[in-house]
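A.B. asks: Numbering (our numbering), first residue to last: 251 to 472.
Ideal placement from N, C-alpha and C gives every residue a C-beta, glycine not left out.
This is the structure, below, for whatever I ask next.
As structure tokens, this is what we get:
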């Protein structure tokens, strides 16, 4: 039997690439979150992607919208349509820590040996929970906080995209057969999953396809 992994899947470009990468190595369970995000069409994409891939998919409900504090969970905060200085308002406080904590629980319940997450520290928005030192610190905590860690079988934290440019992420996905037309990356996609083409996520995605020399399959509002 192949080892099992929990894969965090948003339905976007990076996490879908991670799922394809992980499927070549593990039996996968995909974990997505309804956390009060501005656009939920990414979850529709995640459902379609896992169904097509034949991967078990769980959606966890967490209402971070009650807290606000981010343009992705508070409709009173506008999503920027241009590059900004510092950590952008699209940063969701502690989001990856919350997601990874659920993944820890899921990994122990399902007997997984690894957690796969598509964080990236090259072409990214500067979020503090996307850095190598963050993952290292979380993995150290997990060894102390879990039954498998205490028993000497700590979970592996797989970050295959961590040091890749967006163009190289796309190339990796194509090697693994990813259909990027299924993915939704936009922070404010409409009800049909069409991208705004202006937010930080859209800009990074557009540039990635251009740099990779690959036709951009994204459906845009205009």
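1) State whether the stretch 408-424 contacts the stretch 265-273, with contact taken as three or more CB pairs (one from each stretch) at a distance under 8 Å.
2) What residue from 317, 272, 440 has the CA that sits closest to residue 427's CA?
3) Can you find the residues in the same chain that come closer than 8 Å, C-beta to C-beta, to residue 324, ignoring five residues on each side of it along the sequence?
4) Would you decide whether residue 334 is buried or exposed? Buried here means 16 or more other CB atoms lie within 10 Å of its CB.
5) Three or more C-beta pairs closer than 8 Å, one from the stretch 392-410 and one from the stretch 353-361: is that the case here?
6) Taking the beta carbon of residue 400 as the centre, do at least 16 other beta carbons fall within 10 Å, making it buried, or is it exposed?
7) Considering only C-alpha positions, which residue in the set 424, 383, 374, 278 is nearest to residue 449?
8) Do the CB positions of residue 397 and residue 358 come within less than 8 Å of each other?
9) Is residue 255 helix, strand or coil by DSSP?
10) Considering only residues of the same chain and omitting the five flanking positions on each side of residue 321, which have a CB-CB separation below 6 Å?
11) Would DSSP call residue 379 helix, strand or coil?
12) When burial is assigned at 16 or more other CB atoms within 10 Å of the CB, is residue 300 buried or exposed?
13) For residue 454, which of 419, 308, 293 has the nearest alpha-carbon?
14) Compare the Cα-Cα distances from residue 452 to each of 282, 288, 305, 470 and report the closest residue.
15) Give me whichever residues DSSP pairs with residue 281 in a beta bridge.
16) Hey, residue 337 and residue 376 are a contact pair by Cβ (cut 8 Å); roughly how many whole angstroms apart?
17) Using only CA atoms, which one of 415, 438, 439 lies nearest to residue 457?
18) Can you tell me where the beta strand (DSSP E) holding residue 358 begins and where it ends?
19) Give the single residue among 277, 465, 312, 291 whose Cα lies nearest to the Cα of residue 344.
20) Based on the DSSP secondary-structure assignment, which residues constitute the bridge partners of residue 407?
21) Give me, in chain order, the residues of the same chain whose beta-carbon lies closer than 6 Å to that of residue 296; leave out the 5 immediate sequence neighbours on both sides.
C.D. replies: Taking the coordinates as given:
1) yes
2) Stepping through the chain shown from its first residue, residue 427 is reached at position 177. Ranking the options by Cα distance to residue 427, first place goes to 272.
3) Taking the first residue of the chain shown as position 1, residue 324 is located at position 74. Cβ within range, chain order: 315, 318.
4) Here residue 334 refers to the residue found at position 84 of the chain shown. By the 10 Å Cβ count, residue 334 comes out exposed.
5) yes
6) Translated into positions along the chain shown, residue 400 becomes position 150. Its Cβ having fewer than 16 others within 10 Å, residue 400 is exposed.
7) Your numbering for residue 449 matches position 199 in the chain shown. Minimum Cα distance to residue 449 is reached at 374.
8) In the chain shown, residue 397 corresponds to position 147, counting from 1. In the chain shown, residue 358 corresponds to position 108, counting from 1. Yes.
9) Translated into positions along the chain shown, residue 255 becomes position 5. Three-state DSSP puts residue 255 in a strand.
10) The residue labelled residue 321 in the question sits at position 71 within the chain shown. Excluding residues within five positions, the ones whose Cβ falls inside 6 Å are 327, 329, 339, 340.
11) Locating residue 379 in the chain shown gives position 129, counting from the first residue. DSSP places residue 379 in helix when its eight states are reduced to three.
12) If you number the chain shown from 1, residue 300 lands on position 50. So residue 300 counts as buried.
13) Your numbering for residue 454 matches position 204 in the chain shown. The shortest C-alpha separation from residue 454 is found at 419.
14) Translated into the one-based positions of the chain shown, residue 452 becomes position 202. Comparing Cα positions, the closest option is 470.
15) On the chain shown, position 31 is the one that residue 281 refers to. DSSP, once it has assigned bridges, lists 258, 308 as partnering residue 281.
16) Residue mapping note: residue 337 aligns to position 87 of the chain shown, counting from 1. Residue mapping note: residue 376 aligns to position 126 of the chain shown, counting from 1. Between residue 376 and residue 337 the Cβ distance is about 5 Å, and since that is below 8 Å, they are a contact.
17) Along the chain shown, one-based indexing puts residue 457 at 207. The shortest C-alpha separation from residue 457 is found at 415.
18) As a first step, residue 358 must be located in the chain shown, where it is residue number 108. Element bounds for residue 358: not the beta strand (DSSP E) but the alpha helix (DSSP H), 345-360.
19) Your numbering for residue 344 matches position 94 in the chain shown. Closest by alpha carbon: 312.
20) Translated into positions along the chain shown, residue 407 becomes position 157. Residue 407 pairs with 365.
21) Sequence index remark: in the chain shown, residue 296 carries index 46 (1-based). Hits under 6 Å: 259, 261, 282.
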